[in-house]
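A short write-up of the structure that comes next.
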Amino acid sequence: MIIHLNFRFVLGCILLLILIGMNVVAFFFSSDIIKNGTPARPPSLYLFQKALYHQPIEEEAVEDLFSFSVPDEAEPHAEDLIFNRNPKRTATVGTEYRYVPTSQYLRNRASFWVEEGPRGMKYEDGAFIWTPDSTQTGIFDISLAAQMEDSETIRGIRFKLFSDEIPFYFGTDERGNSVLGLMIAGAKWSILPGLIAVLIAVFGGLFLGAYAGYNKNFLSNFIDGTTLVLESIPALLLFFLAAVIFSFNIYIVMVAVGLVLLPVNINIIRSTVKHFVDCQFVESSKEIGFTDNQILFRDIIWYNCKPIIISQIANCFAFAIMVEVTLSYLQFGIQVPEVSWGNILLQGKSDIHKGEFWLVFFPCLMIIMSLLSFYLTGSGLSRLLDPRKN
Amino acid sequence: MITMSKNKTNILLYLLLKNASVFFISLFIICLLLALVPDTAIPGDVSYFERVKDYLTIAYLFSYDYSVAGTFLISELILHGSKLTFTLIFLSLLIVLTIALPAGILVASEKNTNFQKLFTVTVSLLSPIPILIWASLLMLLVFVFGNMVPLYIDFEDGDLRTRMFVLLIPVAAIVLGDGILLDFYNKIRDETRKVMNEPWLIAVKARGLPIYNHVLRALLLPIFITLSSKITYLISGIIIVEYIFAWQGLGFMIWRSLETPGAKDYPLILGSVKVLLFTVFLFSFIRDILTYKLNPQLMK
Numbered sequence: 023m024i025i026h027l028n029f030r031f032v033l034g035c036i037l038l039l040i041l042i043g044m045n046v047v048a049f050f051f052s053s054d055i056i057k058n059g060t061p062a063r064p065p066s067l068y069l070f071q072k073a074l075y076h077q078p079i080e081e082e083a084v085e086d087l088f089s090f091s092v093p094d095e096a097e098p099h100a101e102d103l104i105f106n107r108n109p110k111r112t113a114t115v116g117t118e119y120r121y122v123p124t125s126q127y128l129r130n131r132a133s134f135w136v137e138e139g140p141r142g143m144k145y146e147d148g149a150f151i152w153t154p155d156s157t158q159t160g161i162f163d164i165s166l167a168a169q170m171e172d173s174e175t176i177r178g179i180r181f182k183l184f185s186d187e188i189p190f191y192f193g194t195d196e197r198g199n200s201v202l203g204l205m206i207a208g209a210k211w212s213i214l215p216g217l218i219a220v221l222i223a224v225f226g227g228l229f230l231g232a233y234a235g236y237n238k239n240f241l242s243n244f245i246d247g248t249t250l251v252l253e254s255i256p257a258l259l260l261f262f263l264a265a266v267i268f269s270f271n272i273y274i275v276m277v278a279v280g281l282v283l284l285p286v287n288i289n290i291i292r293s294t295v296k297h298f299v300d301c302q303f304v305e306s307s308k309e310i311g312f313t314d315n316q317i318l319f320r321d322i323i324w325y326n327c328k329p330i331i332i333s334q335i336a337n338c339f340a341f342a343i344m345v346e347v348t349l350s351y352l353q354f355g356i357q358v359p360e361v362s363w364g365n366i367l368l369q370g371k372s373d374i375h376k377g378e379f380w381l382v383f384f385p386c387l388m389i390i391m392s393l394l395s396f397y398l399t400g401s402g403l404s405r406l407l408d409p410r411k412n
Numbered sequence: 008m009i010t011m012s013k014n015k016t017n018i019l020l021y022l023l024l025k026n027a028s029v030f031f032i033s034l035f036i037i038c039l040l041l042a043l044v045p046d047t048a049i050p051g052d053v054s055y056f057e058r059v060k061d062y063l064t065i066a067y068l069f070s071y072d073y074s075v076a077g078t079f080l081i082s083e084l085i086l087h088g089s090k091l092t093f094t095l096i097f098l099s100l101l102i103v104l105t106i107a108l109p110a111g112i113l114v115a116s117e118k119n120t121n122f123q124k125l126f127t128v129t130v131s132l133l134s135p136i137p138i139l140i141w142a143s144l145l146m147l148l149v150f151v152f153g154n155m156v157p158l159y160i161d162f163e164d165g166d167l168r169t170r171m172f173v174l175l176i177p178v179a180a181i182v183l184g185d186g187i188l189l190d191f192y193n194k195i196r197d198e199t200r201k202v203m204n205e206p207w208l209i210a211v212k213a214r215g216l217p218i219y220n221h222v223l224r225a226l227l228l229p230i231f232i233t234l235s236s237k238i239t240y241l242i243s244g245i246i247i248v249e250y251i252f253a254w255q256g257l258g259f260m261i262w263r264s265l266e267t268p269g270a271k272d273y274p275l276i277l278g279s280v281k282v283l284l285f286t287v288f289l290f291s292f293i294r295d296i297l298t299y300k301l302n303p304q305l306m307k
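Quick note, the sequences are listed as chains H and W, same order. Position in the first sequence counted from 1, then plus 22, gives you the working numbering. Position in the second sequence counted from 1, then plus 7, gives you the working numbering.
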């Protein structure tokens, strides 16, 4: 068979491999992956810092321009900003920290100096530079000042600089834990609990749906009625109750997730089987002498329902991940001190007014990535396995 | 079974009984599960069956009392919560239909236009992202660019502009999340395409009559079928959104009552759940009646 790889399948596989890799790392090196640094350190990439510091949120958090002395309006450049670029707030031991405060034009016409800062920080060649040594870790209050040639007003900025031994590319939380480490540690609640839900939902749905679609008796009617009732109860209510009853055990909650997803899968498989039951190939299989089970599970399910089953497996996995994250977010899932993406997101939500956006942004990104990995792989694989499209 | 019956009253009764039985069985299941919830405040000699009996009495006989948490009547709390919850539900549905209906019809009417491709790709890419993520990201965006955290307290205290803004953020999360917009858009687009090729619509076109009132009438049933199938998802989404934006609606009250360690406010939980289940019942019942009313073939 020639496999026509499509873009979405390849992308989905790459994302899925990353997720599986994170799971493996989380299971075998769970104690080592969460590094510790300065609390509430922003992500090292300046792009992420820019997202927050372009606009101060609270008076005490204002770290933009301020004047050490009131500018005299009669002076030239009195209203001009000297420090018109935001400084990077993070430094790493052994790596040069560099802050270019303003444009070339203003740099040539003003003198700059460090008012308050760590040992070794200086202004040189148009930039404030500092290379922290191994003893210089922690949060430093930095105060930088400047004065224009033709002005007597001294201008300055104050901000906090986070210095650590390793660059925390995703930042740290309030306790100083690396967000990247937390992301990897939280990944362990994605695949294994999801597997329980998938086993119940997809394989239970497969057998019950096949039975209800192929036969018409009391049991098939009972399955129909049960699915009707289960579909009418909002799923989150059942998950809440399952979580509270079983003391927030996520594996048992995943059984409930599997049971809630069961009606959807039953309906899909049943309608597909019903569609194929009247086809000619089923009649000819009966004429040849195959048993009902052979016709149902080999001719109908194996040859014709594979794409549906694959896409349902992917959808159920994605749903299970989302349920785990949502329940952890609503404090019904993984409980602190265990790490889950939902817990981190909740912490980020409660600290959002402090400006710690990275605790919301990165978990969201990770959840979207994991959901996309399943959706893309599932839809790509189901296209590859569809006998009508190949 | 509907097609077999020819008596209108019988059909209505059958539909009512079917949906009401689903409602009562669902409520019964909730009572059974609620009696399993471990609660230190309940004396040890109270058996599981006694608890079930108590909850069934509360649920089926409307024997509500004052809330455990405060001095409010349960009915007052439920009324207040219902107002907020249904505001969110109906506003979300209104916005979904306002976007999906014209877009679906427009895309189905024209073939292979750039608008069609762009809209379909955008909606398909944005919709699988869950409500929780949309709500969190929207809150973050509002904080970064709007310098505020849009919580319910701002809705209560703010001026009209702030109120509208604070209301629109959770509604936007519901509209964009969990594929609700995508499902409506896909359904409307596919059904419009189907209707456009029907012989009777071609006859309407040939007579030079306006076609869109016919198309809209034909779309009413598919829209309501999608609506009733999405309503349980929507309610789950509402619970999440109410929690994130601290809206004191029914979902938030259920969450708070269940999350509280120790004594739980069972009458409040049951009352809130009953209102939500009744909404599901109502939508299913209207869908079934519409299926029967709008499809003359079922009368044969």
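Just so you know, even glycine gets a beta-carbon here, dropped at the ideal spot from N, CA and C.
For Lys144/H, no alpha helix (DSSP H) encloses it; the enclosing beta strand (DSSP E) starts and ends at 144-146. Residue environment analysis places Ser165/H among the exposed positions, since fewer than 16 neighbouring C-beta atoms fall within 10 angstroms of its C-beta. Judged by DSSP in its simplified three-state form, Val382/H adopts helix.
When DSSP states are grouped into helix, strand and coil, Glu205/W belongs to the coil group. Against chain W, the CB of Gln357/H has no partner CB under 8 Å away; the residue lies outside that interface. Look at Gln169/H here: in three-state DSSP terms it is strand. Neighbourhood of Tyr68/H in chain W, by CB distance below 8 Å: empty, with the nearest CB roughly 16 Å away. Taking a 10 Å sphere around the C-beta of Cys301/H, we find fewer than 16 other C-beta atoms and assign the residue as exposed. In this model, Tyr119/H and Phe384/H are separated by some 25 Å (Cα to Cα). With its beta carbon less than 8 Å from one in chain H, Pro137/W belongs to the interface. Taking the C-beta atoms as reference points, Glu138/H is found nearer than 8 Å to Asp163/H. Look at Tyr119/H here: in three-state DSSP terms it is strand.
Residues of the segment 177-204 of chain W with a C-beta less than 7 Å from any C-beta of chain H: none at all. Under the Cβ criterion (8 Å, minimum of three pairs), the segment 308-322 of chain H does not count as touching the segment 251-267 of chain H. Remark: C-beta atoms of Lys110/H and Tyr145/H do not approach each other more closely than 8 Å. A straight-line Cα-Cα distance of about 49 Å links Phe150/W and Leu24/W.
Think of a sphere of 7 Å around the beta carbon of Val287/W: the chain H residues whose beta carbon falls inside it are Ser254, in chain order. CA-CA distance, Ile213/H to Arg168/W, rounds to 44 Å.
Not one beta carbon of chain W lies nearer than 8 Å to the beta carbon of Gln334/H. For Ile390/H, the C-beta contacts it makes with chain W under 7 Å involve Ile136, Ile140, in order along the chain.
Val382/H sits close to Ile374/H, with the two beta carbons spaced by under 8 Å. The residue among Phe126/W, Asn26/W, Leu227/W, Gly278/W with its C-alpha nearest the C-alpha of Val251/H is Asn26/W. Rounded to whole angstroms, Ile104/H and Ile151/H show a C-alpha spacing of 18 Å. Residues of the segment 224-241 of chain W with a C-beta less than 7 Å from any C-beta of chain H: Thr239, listed in chain order. Interface residue (Cβ-Cβ distance to chain H less than 8 Å): Phe150/W is classified as such. Within the segment 209-220 of chain W, no residue has a Cβ lying closer than 7 Å to any Cβ of chain H. Of all residues in the segment 40-68 of chain H, none is placed with a Cβ closer than 7 Å to any Cβ belonging to chain W. Listed in chain order, the non-local C-beta contacts of Val47/H below 7 Å within the same chain comprise Ile55, Ile206, local neighbours out to five positions each way being set aside. Bridge partners of Phe150/H according to DSSP: Tyr121/H, Tyr145/H.
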